[in-house]
Amino acid sequence: MNIRLTSGERAFDILNILLLTLISVIAMVPIMHVVAGSFSSPQAIIHNRVSLWPVEPTLENFRIVVQTDYFWKACWMTVKVVAIGTVINMVLTVFGSYPLSKMHLRGRRLILLFIVFTMVFQAPLIPIYLVVKNLGLLNSMWSLIIPSAISAFNMMLCLTFFRSVPEELFDAAKVDGMGEFRIVWQIVIPLSKPILVTLLLFYAVGHWNNYMAPLLYITDKNLQTLQMYIYSLIAMGNSNDMAVAAASEAGIKLLPEALEMATIVLATTPIVILYPFLQKHFIKGATLGSVKE
Amino acid sequence: MEIQADRAKVLEGMKLQGSKQKTVLKESMWRYMIKNWPLYIMLVPVFMYFIVFKYLPLVGSVIAFQDYNIFRGFLDSEWVGLQWFEQFLTRPQFFRLFKNTLIISLYQIVLAFPAPIILAVLMNEVRKSAFKRTVQTIVYLPHFLSWALVYGLAYMMLSTQTGLVNGVIERLGGEAIPFLQSAEYFRTVVIASGIWKEMGWSTIIFLAALSGISPSLYEAAKIDGANRWKQFLHVTIPGMLPAIVILLLLKIGSVMDVGFEQIYIFLNPISYEVGEVLDTYAYRIGIQNGQFSATTAIGLFKSVIGFVLLVGANKLSKKVTGEGLF
Numbered sequence: 002m003n004i005r006l007t008s009g010e011r012a013f014d015i016l017n018i019l020l021l022t023l024i025s026v027i028a029m030v031p032i033m034h035v036v037a038g039s040f041s042s043p044q045a046i047i048h049n050r051v052s053l054w055p056v057e058p059t060l061e062n063f064r065i066v067v068q069t070d071y072f073w074k075a076c077w078m079t080v081k082v083v084a085i086g087t088v089i090n091m092v093l094t095v096f097g098s099y100p101l102s103k104m105h106l107r108g109r110r111l112i113l114l115f116i117v118f119t120m121v122f123q124a125p126l127i128p129i130y131l132v133v134k135n136l137g138l139l140n141s142m143w144s145l146i147i148p149s150a151i152s153a154f155n156m157m158l159c160l161t162f163f164r165s166v167p168e169e170l171f172d173a174a175k176v177d178g179m180g181e182f183r184i185v186w187q188i189v190i191p192l193s194k195p196i197l198v199t200l201l202l203f204y205a206v207g208h209w210n211n212y213m214a215p216l217l218y219i220t221d222k223n224l225q226t227l228q229m230y231i232y233s234l235i236a237m238g239n240s241n242d243m244a245v246a247a248a249s250e251a252g253i254k255l256l257p258e259a260l261e262m263a264t265i266v267l268a269t270t271p272i273v274i275l276y277p278f279l280q281k282h283f284i285k286g287a288t289l290g291s292v293k294e
Numbered sequence: 063m064e065i066q067a068d069r070a071k072v073l074e075g076m077k078l079q080g081s082k083q084k085t086v087l088k089e090s091m092w093r094y095m096i097k098n099w100p101l102y103i104m105l106v107p108v109f110m111y112f113i114v115f116k117y118l119p120l121v122g123s124v125i126a127f128q129d130y131n132i133f134r135g136f137l138d139s140e141w142v143g144l145q146w147f148e149q150f151l152t153r154p155q156f157f158r159l160f161k162n163t164l165i166i167s168l169y170q171i172v173l174a175f176p177a178p179i180i181l182a183v184l185m186n187e188v189r190k191s192a193f194k195r196t197v198q199t200i201v202y203l204p205h206f207l208s209w210a211l212v213y214g215l216a217y218m219m220l221s222t223q224t225g226l227v228n229g230v231i232e233r234l235g236g237e238a239i240p241f242l243q244s245a246e247y248f249r250t251v252v253i254a255s256g257i258w259k260e261m262g263w264s265t266i267i268f269l270a271a272l273s274g275i276s277p278s279l280y281e282a283a284k285i286d287g288a289n290r291w292k293q294f295l296h297v298t299i300p301g302m303l304p305a306i307v308i309l310l311l312l313k314i315g316s317v318m319d320v321g322f323e324q325i326y327i328f329l330n331p332i333s334y335e336v337g338e339v340l341d342t343y344a345y346r347i348g349i350q351n352g353q354f355s356a357t358t359a360i361g362l363f364k365s366v367i368g369f370v371l372l373v374g375a376n377k378l379s380k381k382v383t384g385e386g387l388f
């Protein structure tokens, strides 16, 4: 546009850009500091000489972390939960949404009411815990998957999207002799990729970052997830017995902070690598429902 | 020609199907269900999930009115009326927990709620879209880090020995401040880390609202001689208001939920006095000490307050702004 800016407007623009730059820097500094620390020598960290750039660069911290047994156990547990959990989430969400997207389905309103009710009235923590306990799910991977097998909110998003698929397509498919399951697989899913990718990402990140469910349901140290492992490492100072043993054998001076930083960096890497590819889907998903959270 | 004939056939088929459906509707429920069994089969696992993990716990909440015994289950446990509620409300901790929950929630509403609105407005005023996109990419990222990781980052920034912030303070000649090990800074750290994590991501919804404002409104305002500030006051703000009101209502409805993971992760015995909220207390005495009935009473108490607040806020908002959730 060719509008001439007044000096006040120009000043605002400059100030605005400076302010946004400052906010971006604040958003990045903690991450950069930890990345820098993870690549720095323990001596540099203990003397607080690391700010945003590695000092006396080394890969030693990572080497010790990847030798840690519990780290790999936690990784494997998290990967399993994310993979299996997300698949179950998606199957149930699609199965729940497809029939309910059909206006002619008998009992549709009643079933929708049944589901929306659970969004408004949620049970307290303990009764849910008791259900999980009585099903014998405590201290099993399934306690992290089954109690959150479907999200009513995501199902509503999915259902709204399915409604936009023209009914004629389904009718034509039926004329061709397709059953409902094949219609879902061959027509609904390919046509609904945008929403399905979004939900897949929401569910997967939810599982990856989940901390409360493992806190409630998992007490066995061999079954902890990555998030629990990181928290116990930092908050309780459980710097790993295995790592400590390995390091003292090798005569290496250990610094818990250095290992923690390296662990944090390793645990964040998958998300940071995927993030640029996923960003546009996430944004679409966040606005799809018009109101999130 | 052949294709057209085919299409005509399909259309004919669809009409048939359509008329069939009309007759289907007149059929008995039973026959309809048999005919459409795959649709109902798909719903079976979904149904089971909601019954077991949503409705069963809701019914199970009656243990708040019982002296729940794990071995006897909620069908056989003894009924004690409102004993747990009375006990909880008269406990000395109650006032402290309630106060902490409210204060943290209030800070969240006053400080964390407006932050993304302001950021969205600032981003919206940027004309260079490459810069805007870069800012967005950066500020959205923290949302994808878990609270455990955010705690880790906070620790690395704030610890007294190796923290970056304390390093700077010391280099400037100050004393290291035990941010994470003090009651004094607990709320500041929790609120600040919450803003750091979610401020960027929460702008999405407001940016969507902003992009929904018709450019012609701005044109009209300009013709009427409105400068950018006036345009902001009279076009941008009214355009964002519906989204702001709805999100504020939801926030008020969940005043009692201040974010379990966030608080729990930063909490330590030193900060119990100012940081322990209803949720973390419920976890501590419920799951860790096994006081199931008492804890469920706290949970129900919380839900009732949340529900009353939501309905009240909705009524008020409908009166004042005409916007509401229901």
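For the record, the sequence lines run as chains H and G.
Residues 2 to 294 (the numbering used here) are what the first sequence spells out, left to right.
Residues 63 to 388 (the numbering used here) are what the second sequence spells out, left to right.
In this text, a Cβ means the ideal position worked out from N, Cα and C, and glycines have one as well.
Predicted, not measured: the structure shown is a model, and the values here were computed from it.
Cβ separation of residue i and residue j, assumed to be a contact under 8 Å, to the nearest whole Å
i, j, result
"I235/H", "Y217/G", "5 Å"
"T342/G", "I127/H", "That pair is no contact at about 14 Å."
"V201/G", "S25/H", "6 Å"
"M120/H", "A150/H", "Incorrect: roughly 16 Å between the Cβ atoms, too far for contact."
"F127/G", "I360/G", "In fact, because the Cβ distance is near 13 Å, the residues do not count as touching under 8 Å."
"A283/G", "K292/G", "7 Å"
Short CB-CB distance (under 9 Å) between residue i and chain G
i, result
"A12/H", "no"
"F154/H", "no"
"F182/H", "yes"
"N3/H", "Low confidence applies here, because N3/H scores a pLDDT of 47, under 50, leaving its location unreliable; read the following figure in that light. No - not a single Cβ of chain G is within 9 Å of the one on N3/H."
"W73/H", "no"
"G97/H", "yes"
"G108/H", "yes"
"I190/H", "no"
"Q44/H", "no"
Where residue i falls: helix, strand or coil (DSSP)
i, result
"L279/H", "helix"
"D14/H", "helix"
"M138/G", "Reading the sequence as shown, one finds Asp at residue 138/G and not Met. Helix."
"K285/H", "helix"
"T220/H", "coil"
"D172/H", "helix"
"D70/H", "helix"
"L20/H", "helix"
"Q223/G", "coil"
"Q225/H", "coil"
Cutoff 9 Å: residue i Cβ touching any chain H Cβ
i, result
"I360/G", "yes"
"V108/G", "yes"
"L146/G", "According to the sequence provided, residue 146/G is Trp. The question's Leu does not apply to it. So no, W146/G is outside the interface."
"T224/G", "yes"
"F150/G", "no"
"Y326/G", "yes"
"G122/G", "yes"
"M104/G", "yes"
"M302/G", "no"
"D138/G", "no"
"N449/G", "Outside the modelled stretch of chain G, which goes from 63 to 388, sits residue 449/G, for which no answer is possible."
"G386/G", "no"
"A270/G", "yes"
"I132/G", "yes"
"E323/G", "yes"
Proximal chain H residues relative to residue i, where beta-carbon distance stays under 7 Å
i, result
"S244/G", "Residues of chain H passing the Cβ test: none, with the nearest at roughly 15 Å."
"E237/G", "Here the premise fails: no neighbours, minimum Cβ distance about 14 Å."
Contact list for residue i against chain G, beta-carbon separation under 7 Å
i, result
"M29/H", "I200"
"S25/H", "V197, I200, V201"
"H34/H", "M218, M219, L226"
"G38/H", "M218"
"L217/H", "I349"
"A150/H", "Y111"
Residues that residue i contacts on chain G, provided the C-beta gap is smaller than 9 Å
i, result
"R164/H", "Within 9 Å Cβ-Cβ: nothing; R164/H doesn't reach chain G, min ~15 Å."
"H282/H", "Here the premise fails: no neighbours, minimum Cβ distance about 12 Å."
"I47/H", "Q223, T224"
Any non-hydrogen atom of the ligand GDP within 8 Å of residue i CB
i, result
"I314/G", "What this structure holds is no ligand at all, so the ligand GDP is not there to describe."
Partner residues on chain H for residue i, Cβ-Cβ distance less than 8 Å
i, result
"T357/G", "P125, L126, I127"
Contact list for residue i against chain G, beta-carbon separation under 8 Å
i, result
"Q225/H", "Those do not exist, as Q225/H stays about 11 Å from chain G at its closest Cβ, beyond 8 Å."
"V206/H", "F206"
Test: residue i CB closer than 9 Å to a CB of chain C
i, result
"I266/G", "Going by chain labels, chain C is absent from the structure shown, which instead holds the protein chains H and G."
* Mind listing, in chain order, the continuous alpha helix (DSSP H) runs of no fewer than 4 residues lying wholly within the stretch 120-161 of chain H? => 126-135
* To do: Output the residue ranges of the alpha helix (DSSP H) runs that lie fully inside the stretch 287-342 of chain G and measure 4 residues or longer, sorted by chain position.
  => For the stretch 287-342 of chain G, whole alpha helix (DSSP H) runs of length 4 or above, ordered along the chain, are 290-293, 299-315, 322-328, 334-337.
* **Sequence ranges, alpha helix (DSSP H) only - wholly within the stretch 32-60 of chain H, length at least 4** => 43-47
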